[in-house]
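Going by the numbering used here, the sequence shown opens with residue 7, and the numbers climb by one from there.
Cβ atoms here follow ideal geometry from the backbone N, Cα and C, with glycine treated the same way.
Everything numeric in this text was worked out from a predicted model, so none of it was measured.
Structure record follows, encoded as structure tokens.
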Amino acid sequence: MPDALLSSAVPEPPTTAVQLNHIAVLARDRRLSAEFLAVLLGLEVGAPFGPFLPVDLGNGVTLDYYEQRDEPIQSQHYAFLVPEDRFDATIARLEAVGVTYYADPNHTEPGRINRLFGGRGAYFDDPDGHNLEIMTRPYACP
7 MPDALLSSAV PEPPTTAVQL NHIAVLARDR RLSAEFLAVL LGLEVGAPFG
57 PFLPVDLGNG VTLDYYEQRD EPIQSQHYAF LVPEDRFDAT IARLEAVGVT
107 YYADPNHTEP GRINRLFGGR GAYFDDPDGH NLEIMTRPYA CP
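Right under this line is the structure:
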């Protein structure tokens, strides 16, 4: 790229580390899937941005829901660190809308939570089969 183009670009804010900014989440119905997550986690669905419908996670990261109706959607795993004092409310919302949660990622322990790394966690599917996880403590990495 010519130097003139580089110098005329909008200046970027400085960062001290690489950070995740957003991720596109495939959905058959972007509104349904975005609202599902937002309601369960107590978040808001943002205004559409082109083909995307964002859910702001509050830490500088958005999940940008994108409709893919003509092809199968490959299940992905998304883990959300939730405050301890919001975990029970999230479980209650899952129960209220009839979504089964599990203690394990393979969904073999229905209606149970786990207590990994001194916290609490659970797994559940979204409308498109994505395996979602809520946890109150991040995993300890070696």
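- According to DSSP, residue pairing for V105 in a beta bridge does not occur.
- In the three-state reduction of the DSSP assignment, I97 falls in the helix class, which pools H, G and I.
- Taking each of M141, A146, P20 and A33 in turn and checking the Cα distance to V88, the smallest one comes out for M141.
- Distances from the alpha-carbon of Y145 to those of A85, T114 and L43 put A85 closest.
- By the Cβ criterion, the segment 90-105 is in contact with the segment 123-138, since at least three pairs of Cβ atoms, one from each stretch, lie closer than 8 Å.
- Here P133 is near F42, since their CB atoms are less than 8 Å apart.
- Closest by C-alpha distance to T106, out of G135, V61 and Q80, is G135.
- Around the C-beta of V67, fewer than 16 other C-beta atoms lie within 10 Å, and the residue is accordingly described as exposed.
- Contact between the segment 20-40 and the segment 57-71 is present, with at least three C-beta pairs closer than 8 Å.
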